[in-house]
Amino acid sequence: CFWTVETTELINILSYGGRDMLSYPLTIYHQLMQRFFLFVMPLAFGSFVPTCYLLGKPLPFGLPGEVVFAAPLLALAFAMVARITWQFGVRHYQSTGS
Numbered sequence: 539c540f541w542t543v544e545t546t547e548l549i550n551i552l553s554y555g556g557r558d559m560l561s562y563p564l565t566i567y568h569q570l571m572q573r574f575f576l577f578v579m580p581l582a583f584g585s586f587v588p589t590c591y592l593l594g595k596p597l598p599f600g601l602p603g604e605v606v607f608a609a610p611l612l613a614l615a616f617a618m619v620a621r622i623t624w625q626f627g628v629r630h631y632q633s634t635g636s
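Read left to right, the sequence shown gives residues 539 to 636 (the working numbering).
Take a look at the structure:
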């Protein structure tokens, strides 16, 4: 939105793709995708990891059980990053003129 004129498709990929990805267990995906959704775009920390913990299943990549309790801290960290990014974008916003 801030740095490109048209980002609709990118937003759709991230929002709908993430929603669809969360419909299935993380373990059906290739390890590279699992790592992406655990550590880069950590959608799995909000659904798959807590579910594994509650069901007594092993966590992916041998993560310790205590990592489940890091989810709220991770959410807070990402909210802070989102706020900083938003403020930066608002300060540097340029209209397209159309």
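No residue lacks a Cβ here, since even glycine has one placed at the ideal position from N, Cα and C.
- For L614, the uninterrupted alpha helix (DSSP H) segment begins and ends at 609 to 629.
- In this chain, the alpha helix (DSSP H) harbouring L570 covers 569 to 573.
- Straight across, the Cα-Cα distance linking L601 with S633 is about 45 Å.
- If you ignore the 5 residues before and after F586, its C-beta comes within less than 6 Å of the C-beta of L564, all in its own chain and listed in chain order.
- Annotation: S561 to P596 spans about 19 Å, alpha carbon to alpha carbon.
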